[in-house]
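Numbering (the working numbering), first residue to last: 736 to 1150. Glycine included, each C-beta is placed from N, C-alpha and C at the ideal position. Note that this is a predicted model, so its numbers are computed, not measured.
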Ligand code: HEC
Ligand code: HEC
Ligand code: HEC
Ligand code: HEC
Ligand code: HEC
Ligand code: HEC
Ligand code: HEC
Ligand code: HEC
Ligand code: HEC
Ligand code: HEC
Ligand code: HEC
Ligand code: HEC
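Pasting the structure below:
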């Protein structure tokens, strides 16, 4: 065995000393071949098709990352997995490839539950910022970072292109892709995300853009609730109030519900038009103090009229026409039921709304004589004789007198 090896060694020595130039050539070819195979391997293992072997599902959620990516705006623009899942530059790329070794290790040496456990972490903003770093997003989406990172980092060889990211040079790339610089320009949506001030506060893209690629729609927007959840937690409050709509929404018009909102049913129903009101008021005047932002959530009753709440916080005769101006809100008003009074020392009294409203407007009695709630004022006969309550009319002049006891106090008929 040892003898045979020695023989081969001797033959190689002889060949090298006889053909020094050819040897160098062969070595160069071997190196090139090795590099070629390695690069091909890197390319092959970077392709979404390769990732799909272990991330194969065709739904939304963990394991479906390739499927969801295919439907994203990024895929349409040729931005692939390792363009986001890795730092920019040569080292970043190699680190991402090393991370791939963990994937292989996890696939074959750990349980499927372990894999799902890891993948489910993806929707946690902090974890997501490690696998899709903000630095990488900024490399494409801003000029300042692109230039800074290009200066500081060893960018991959211009001869071999490993991924789109490393060829990105702003502002050229941005302009060609028709992208705004997110740090210096407004976004196209009707929202002001204050990209710069949030990033200065240490936020990551994934704090707001979870799902930008893997949430399963073609274009995935940030959700308003995401903003609220974080702003709500802040103490002391420096972020805008949730009800300060215009702190984030650039134009009010697009938000105003066009549809008329109806309270109640039938003839007595009340119509509320956003359009007339939003011409005078900001959303936050009504939301969320007076009304939640959901149709049908508010229950307005008779007793609310005249109080400093719901519609009547304005419709009080000062800020807007008074609540006593019933007809401006109610086209018609259903006649309320009779009111029965049981009295200890006298026969009961029945007050008929039906009878009285045939002759009088509601406002003849409400709210001057009676507030908009039964039982608010204690009625006595003495007060009536002085012209209060029923006595305001039952004074012998306008209607029979308050001393005409049995016209009001009527013994129930015994069966
Ligand atoms: C051999 C199977 C396999 C292939 C191929 C594969 N993955 Fe994975 N991937 C896994 C497993 C298993 C995990 C769970 C990782 C762990 O166990 O730490 C994972 C996790 C991930 C994660 C989440 C890592 C984390 O820490 O949350 C990302 C991102 C990812 N893979 C991207 C890719 C991309 C991009 C490709 C293609 C370039 C790819 N994977 C190819 C098996 C694979
Ligand atoms: C534009 C950037 C971008 C591209 C391109 C991209 N991803 Fe992601 N990826 C993210 C972000 C951001 C997250 C964080 C979780 C989320 O948004 O749902 C993520 C999360 C993941 C996860 C963690 C598990 C999960 O579902 O949340 C895996 C695995 C993954 N991506 C694989 C891939 C693969 C495979 C590709 C290519 C087919 C790809 N990604 C392309 C940005 C990207
Ligand atoms: C290689 C460059 C590149 C990288 C890296 C990249 N993007 Fe993009 N991004 C683009 C391009 C190109 C578009 C335009 C797609 C189109 O035509 O609408 C885009 C579009 C977007 C959009 C708007 C369209 C949509 O899908 O909602 C958002 C938001 C976005 N990127 C966020 C991110 C985030 C967050 C990251 C990091 C996780 C990221 N991008 C990483 C190039 C990149
Ligand atoms: C405070 C939340 C927040 C953070 C953090 C954030 N964004 Fe955005 N971003 C938004 C909102 C809101 C929009 C507009 C609505 C939408 O497209 O979802 C937007 C829009 C975009 C767009 C579309 C730009 C256009 O002109 O329409 C891109 C690209 C984008 N963001 C990239 C990023 C990148 C990259 C990061 C991280 C460096 C980031 N964003 C961080 C909230 C945020
Ligand atoms: C993870 C936390 C977090 C999330 C998510 C978040 N914000 Fe903020 N926001 C902050 C912090 C912190 C400040 C205070 C910044 C300061 O102190 O100036 C702030 C302040 C703001 C301001 C006022 C600051 C200024 O520069 O005028 C606006 C507007 C704003 N956020 C919009 C948004 C929008 C829109 C979203 C959702 C797309 C959002 N934020 C999501 C943390 C968050
Ligand atoms: C902290 C920022 C912020 C504030 C404050 C805010 N919004 Fe939003 N709003 C958003 C974001 C982000 C979206 C999603 C953007 C997109 O879809 O492009 C959104 C979306 C909406 C939508 C579209 C439907 C939906 O739910 O996605 C309506 C309607 C809306 N907002 C109304 C309001 C009103 C009314 C107010 C004031 C009471 C308000 N918003 C306050 C950030 C905010
Ligand atoms: C600013 C508008 C407005 C004015 C003015 C107004 N109301 Fe109302 N009223 C409402 C609304 C809104 C409701 C709730 C309707 C519903 O849900 O059925 C309501 C409810 C009622 C109800 C209860 C209906 C029920 O089914 O429970 C009565 C009774 C009523 N109003 C009587 C009056 C009378 C009498 C006046 C004049 C003194 C008046 N309203 C003036 C807006 C108004
Ligand atoms: C004068 C008061 C007032 C103002 C100002 C106002 N709203 Fe409303 N809004 C209401 C009332 C009342 C409702 C219905 C509440 C109920 O039925 O409980 C409502 C309901 C809504 C709803 C739910 C609609 C539905 O179909 O479920 C939205 C969305 C809304 N408002 C948005 C806005 C926006 C955006 C603004 C500012 C541009 C605004 N509102 C300003 C009084 C107001
Ligand atoms: C923030 C104050 C405010 C609140 C709350 C408010 N209104 Fe008004 N409303 C006004 C003002 C101001 C006007 C116009 C001035 C006037 O006519 O006195 C008006 C006008 C109206 C009109 C006549 C114009 C039109 O749109 O047809 C109706 C009807 C009306 N309001 C109904 C309601 C009802 C019903 C509610 C409760 C669901 C309500 N308003 C809540 C301030 C308010
Ligand atoms: C002639 C006087 C008079 C007129 C006109 C009148 N009411 Fe009344 N209303 C009363 C009296 C009296 C009460 C009971 C007050 C008490 O006991 O405190 C009452 C109580 C009510 C109640 C409360 C009922 C309950 O069970 O809590 C409603 C609702 C009501 N009126 C609505 C109306 C409406 C709507 C109109 C016009 C269509 C109207 N009223 C016209 C005298 C009148
Ligand atoms: C705004 C004036 C006015 C007020 C206030 C008023 N009434 Fe009358 N009422 C009348 C008139 C007018 C008649 C019919 C003329 C007559 O019979 O003298 C009448 C008739 C009646 C009748 C006889 C018809 C029937 O319904 O059987 C009764 C009983 C009655 N009222 C009870 C009351 C009681 C009880 C009150 C107080 C809770 C009251 N009224 C308050 C004006 C009023
Ligand atoms: C116009 C209708 C009307 C007439 C007429 C009338 N009452 Fe009354 N009476 C009432 C009403 C309404 C109440 C209050 C019921 C309640 O609030 O529980 C009342 C209450 C009473 C009470 C109990 C409260 C108190 O003041 O002590 C007595 C007792 C009473 N009446 C006796 C009489 C006698 C006696 C007469 C005739 C001299 C008379 N009433 C005439 C409507 C009338």
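Look up residue i in the DSSP assignment and say whether it is helix, strand or coil.
{"i": "residue 814", "result": "coil"}
{"i": "residue 1215", "result": "This structure gives no information on residue 1215, because the portion of the chain shown stretches from 736 to 1150."}
{"i": "residue 1085", "result": "strand"}
{"i": "residue 1065", "result": "strand"}
{"i": "residue 1075", "result": "strand"}
{"i": "residue 944", "result": "helix"}
{"i": "residue 949", "result": "coil"}
{"i": "residue 1101", "result": "coil"}
{"i": "residue 926", "result": "strand"}
{"i": "residue 802", "result": "helix"}
{"i": "residue 1158", "result": "Look at the range of the chain in this structure, 736 to 1150, and you will see that residue 1158 is not part of it."}
{"i": "residue 1091", "result": "helix"}
{"i": "residue 778", "result": "helix"}
{"i": "residue 1022", "result": "coil"}
{"i": "residue 790", "result": "coil"}
{"i": "residue 1038", "result": "helix"}
{"i": "residue 1058", "result": "coil"}
{"i": "residue 1125", "result": "helix"}
{"i": "residue 784", "result": "helix"}
{"i": "residue 1045", "result": "helix"}
In terms of DSSP beta bridges, what is residue i paired with?
{"i": "residue 1006", "result": "997"}
{"i": "residue 1144", "result": "1084"}
{"i": "residue 984", "result": "926"}
So residue i packs on residue j, CB below 8 Å; how close in whole Å?
{"i": "residue 1002", "j": "residue 1069", "result": "7 Å"}
{"i": "residue 1031", "j": "residue 1102", "result": "So it is not a contact: roughly 27 Å between Cβ atoms."}
{"i": "residue 933", "j": "residue 917", "result": "Not quite, the Cβ-Cβ distance comes to about 10 Å (not below 8 Å), so this is no contact."}
{"i": "residue 869", "j": "residue 822", "result": "About 10 Å; that fails the 8 Å criterion."}
{"i": "residue 874", "j": "residue 777", "result": "With 8 Å as the limit, residue 874 and residue 777 do not qualify as a contact, their Cβ atoms being about 20 Å apart."}
{"i": "residue 804", "j": "residue 1022", "result": "Not confirmed; about 38 Å, so no contact."}
Is residue i near ligand 11, going by C-beta to nearest heavy atom under 7 Å?
{"i": "residue 1078", "result": "no"}
{"i": "residue 1091", "result": "yes"}
{"i": "residue 1088", "result": "no"}
{"i": "residue 1141", "result": "no"}
Taking 7 Å as the cut-off, is the C-beta of residue i nearer than that to any heavy atom in ligand 7?
{"i": "residue 1063", "result": "yes"}
{"i": "residue 1059", "result": "yes"}
Is residue i a contact residue of ligand 1, with contact defined as CB to any heavy atom under 7 Å?
{"i": "residue 842", "result": "yes"}
Residue i: beta carbon under 7 Å from a heavy atom of ligand 9?
{"i": "residue 998", "result": "yes"}
{"i": "residue 1018", "result": "no"}
Would the beta-carbon of residue i be found less than 7 Å away from any heavy atom of ligand 12?
{"i": "residue 1084", "result": "yes"}
With hydrogens ignored, establish whether the beta-carbon of residue i is closer than 7 Å to any heavy atom of ligand 2.
{"i": "residue 961", "result": "no"}
{"i": "residue 783", "result": "yes"}
Can you determine whether any heavy atom of ligand 8 sits closer than 7 Å to the C-beta of residue i, and answer yes or no?
{"i": "residue 1033", "result": "yes"}
Is residue i near ligand 4, with its Cβ less than 7 Å from a heavy atom?
{"i": "residue 957", "result": "yes"}
Item checked: Whole runs of the alpha helix (DSSP H) within the segment 814-864, excluding any shorter than 4 residues -> Counting whole runs of 4 or more residues, the segment 814-864 contains the alpha helix (DSSP H) stretches 816-819, 824-844 and 847-855.
Margin query: Threshold first: 4 residues or longer. Then list the alpha helix (DSSP H) segments lying entirely within the segment 861-889, N to C.
Written below: Secondary structure remark: continuous alpha helix (DSSP H) runs of at least 4 residues inside the segment 861-889, in chain order: 869-876 and 878-887.
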